[in-house]
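Below: one structure, written as structure tokens.
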Amino acid sequence: MTTATLSGTNKHGRLFTYFLIVWVVVGLIQNYFSDVSGEEAYYWLFSQYLDWGYLDHPPMVGVVTSWGYELMPNALGLRMGMLLCNVLTIIVIRKTLAIQDDKLYLWIILGCLPVHVGAFLVKTDVPLLLFVATFYYSYKQYLIKDDLKTVVLLALSIALIMLSKHHGFLVVLFTVVSNIRLLTKKTFWLTVLFTVIFMLPHTYWQYINEFATIKFHLYNRIDMGFSWESLAYYVGIQPIVFGPFIGVLIFAACYKNRVSNPFNRALRFTIAGVLIFFFISTLKVEFHKHWTSILTIPFMLLSHEYIYDKPKWRLWLKRLSMISLVFVVLARIYLVYDFFPKSWTKDWDVLHHWDTWGEEVKELSGGLPIMFNNHYERASRYSYLTGDIVHCYNTFDYRETQHDLMTLEEDLQGKRVFQINRFRDTARYDDYFTQIGKGIHYRIIDNFRSFRKVKIEANADDLEVNAGAEIALELTLTNRYDYDVDFQKLAGKKVYLNAHFLVGLQPKHTAQIEVLDANLLPEQILQKMARFRAPSEVGKYDLRFSIQVEGIEAPINSKKYGVVVK
């Protein structure tokens with residue numbers, strides 16, 4: 096290596112070091128002064144109840160946020176682990192690049208939205224991207240030398256991907272598909288063995304919780320049905336997810352990169368496989384734009400390799416990254432300080448001064464225990480701001496959340512409860528509007544009762560019925576509480592067994608089956624023949640059952656069953 100080469104390498108190394116210092120300082124300042132969002136507060140709740148799993152997410156987001164908040168119980172502490180993961184991701188990707196060119200790499204970083212977001216938000220995708228990066232680094236080493244050290248690191252990366260977000264496994268799957276010969280190697284199966292061992296605690300948690308996360312993803316996704324709008328949104332949003340302005344250029348660079356080797360083949364297969372997988376899923380379920388962010392690492396690796404020795408491409412990348420940087424910096428400043436004209440932001444969601452909202456809710460409740468309807472983010476935000484952990488009561492036309500695995504609802508039984516509804520309902524709720532403009536739709540419930548943990552199962556898979564016809568199904572009710580349940584001892588309140596037909600999250604038809612009057616011991620099973628009418632309109636529905644206490648919204652007591660009304 097010549098003296099000039101060494102000098103250039105050292106210069107680039109210093110540039111990268113200076114960049115990281117500035118990146119971290121900016122992240123620390125922003126993380127301290129930005130309000131914690133409702134989603135971040137929900138993950139904060141995870142960190143307060145560390146476990147090997149949660150209803151809708153693996154445990155990593157709780158682990159990453161817990162230690163920082165323990166050291167500093169504020170927004171900076173909450174986000175500290177995320178910032179660390181973000182910085183480590185940047186470092187690991189740099190070590191995986193085919194060609195060391197820090198100037199080009201830093202321009203890609205500055206123009207890439209997922210990398211920015213990881214520095215200042217608590218998101219499940221942030222640790223996921225770190226472990227996807229370590230997976231590719233390990234796989235690249237594995238292709239060179241598959242010794243025990245590399246095998247263990249590769250297996251650990253796979254396990255950590257799965258413990259961050261389950262769909263991250265697509266990265267592993269398409270990597271294997273890209274190199275089927277891996278199946279003939281002993282070290283591949285040794286990697287599988289180590290991965291299984293690393294995943295045992297999470298697997299055991301799933302087992303003792305009746306595979307709650309798997310059931311959630313199978314039965315709680317919103318069936319949106321086919322629409323051209325959903326497909327257009329999915330296709331159109333992809334360049335923005337990885338941009339907002341360099342996305343098209345990055346896509347083009349990856350497509351034109353013709354360097355052929357097993358590692359690049361894995362990157363290409365992953366990009367194609369993930370994009371096709373979520374394109375197909377968009378035909379049925381609601382798509383969340385951050386799902387494809389796992390492709391950030393393969394996009395960065397392939398595009399960097401292609402653009403490296405092409406001056407025109409480098410110039411356009413620099414220009415587009417500078418434009419992206421202007422918008423991203425303005426957005427990041429806005430998260431800290433509300434400087435935009437009110438006329439611009441009047442229809443935006445409120446991002447600032449939520450601490451006053453928490454104080455107003457607490458004062459309005461008069462010290463009563465609080466329960467939010469169908470708003471886990473709002474319930475979590477209140478808990479974060481006040482330190483009072485409150486319940487989110489999820490109704491049949493919503494979805495389950497981590498609150499449903501906790502004992503918060505049991506703690507409210509028989510108490511006078513301050514209930515806050517998600518939407519305005521002037522017939523049953525009073526209104527109060529806070530300083531930040533957020534309405535509180537509330538009422539007080541005396542002697543709150545619910546039976547959400549009495550589970551209902553039905554033999555109703557692939558059900559087809561005529562419009563308006565009578566449906567007869569055998570239902571199995573199981574008391575999952577650790578205490579007796581008596582549907583009669585409710586101070587005169589009746590308990591109804593209901594069947595609900597939904598399209599997406601919209602209730603279309605509710606049938607009241609009967610009034611329940613049984614007494615169930617813990618784990619006792621009650622079987623009933625339910626008879627009720629199908630909707631009068633033809634179409635595809637989701638059927639869900641509930642046990643509703645008179646005067647309270649019907650909760651979720653069963654999974655959703657697909658029904659076709661002819």
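Under this note's numbering, the first residue of the sequence shown is numbered 96, with each subsequent residue one higher. For every residue, glycine included, the Cβ atom is placed at its ideal position computed from N, Cα and C. If you're wondering where the values come from, they're calculated on a predicted model, not measured in any experiment.
In chain order, what residues of the same chain lie with their CB nearer than 6 Å to the CB of V423, ignoring the 5 residues before and after it? H211
For Y477 versus G453, is the C-beta spacing smaller than 9 Å? yes
What's the gap between the Cα of Y668 and the Cα of T387? Residue 668 lies beyond the residue range present for the chain, which begins at 96 and ends at 661; the question has no answer from this structure.
Return the Cβ separation of Y200 and I392 in integer angstroms, given the expectation that the two are a contact with Cβ distance under 8 Å. The Cβ separation is near 13 Å, so there is no contact.
Rounded separation between L268 and L390 - CA only: 14 Å
Residue interval of the alpha helix (DSSP H) (run including Y164): 155 to 166
Please classify Y138: does DSSP put it in a helix, a strand, or coil? helix
Y488: first and last residue of the uninterrupted beta strand (DSSP E) it sits in: 486 to 488
DSSP state of V445, grouped into three classes? coil
A553 - containing beta strand (DSSP E), residue span: 549 to 553
Since I believe F226 is in contact with S129 (beta carbons under 8 Å), could you give me their beta-carbon distance rounded to a whole number of angstroms? About 25 Å; that fails the 8 Å criterion.
Thinking C-beta only, is F467 closer than 9 Å to I540? no
Going by DSSP in three states, I194 sits in which element: helix, strand or coil? coil
Quick one: any contact between the region 363 to 375 and the region 151 to 170, if contact means 3 or more CB pairs under 8 Å? no
Within this structure, are the beta carbons of L597 and D557 separated by less than 9 Å? no
Where are the alpha helix (DSSP H) runs, 4 residues long or more, that stay fully inside the region 186 to 253, in chain order? 197 to 206, 208 to 212, 220 to 239
What does the alpha-carbon distance come out to for the pair H312 and G263? 14 Å
Between R90 and I203, what straight-line distance do the alpha-carbon atoms span, to the nearest angstrom? Here the chain comprises residues numbered 96 to 661, so residue 90 is not present and cannot be evaluated.
Which residues bound the alpha helix (DSSP H) around T286? 281 to 303
Please look up how many angstroms separate the CB atoms of T490 and D151, rounded, as I've assumed it's under 8 Å. About 17 Å separates the two Cβ atoms, so there is no contact after all.
Between the region 319 to 339 and the region 287 to 303, are three or more C-beta pairs nearer than 8 Å? no
Quick check for students: name the residue ranges of the beta strand (DSSP E) that lie wholly in the region 559 to 600, counting only runs of 3 or more. 565 to 574, 590 to 598
Does the contact criterion of 3 or more C-beta pairs under 8 Å hold for the region 430 to 441 versus the region 501 to 513? no
On the three-state DSSP scale, how would you describe S641? strand
My output table needs one value for N516: the three-state DSSP class, helix, strand or coil. strand
When the cut-off is 9 Å and only beta carbons count, does E565 lie next to chain D? Absent from the structure is chain D; it holds one protein chain and no more.
Taking one C-beta from the region 179 to 187 and one from the region 342 to 349 each time, how about it: are there three or more such pairs within less than 8 Å? no
Span of the beta strand (DSSP E) around Q530: Q530 -> no beta strand (DSSP E), and no H or E assigned at all.
Would DSSP call K379 helix, strand or coil? coil
Whole angstroms is fine: what's the gap from K280's alpha carbon to Y234's? 14 Å
Use the C-beta contact count for I309: other C-beta atoms within 10 angstroms, 16 or more gives buried, fewer gives exposed. exposed
Under a three-way DSSP split, which group does I341 fall into? coil
Between the region 242 to 262 and the region 325 to 337, do at least 3 Cβ pairs fall closer than 8 Å? no
Between K603 and the rest of its own chain, which residues show a CB-CB distance below 7 Å, the 5 nearest in sequence each way excluded? F596, L597, P630, Y636
Is R473 closer than 9 Å to G176 when the C-beta atoms are compared? no
With 16 other Cβ atoms within 10 Å as the buried cut-off, status of Q667: Limits of the chain in this structure are 96 at one end and 661 at the other, which puts residue 667 out of reach.
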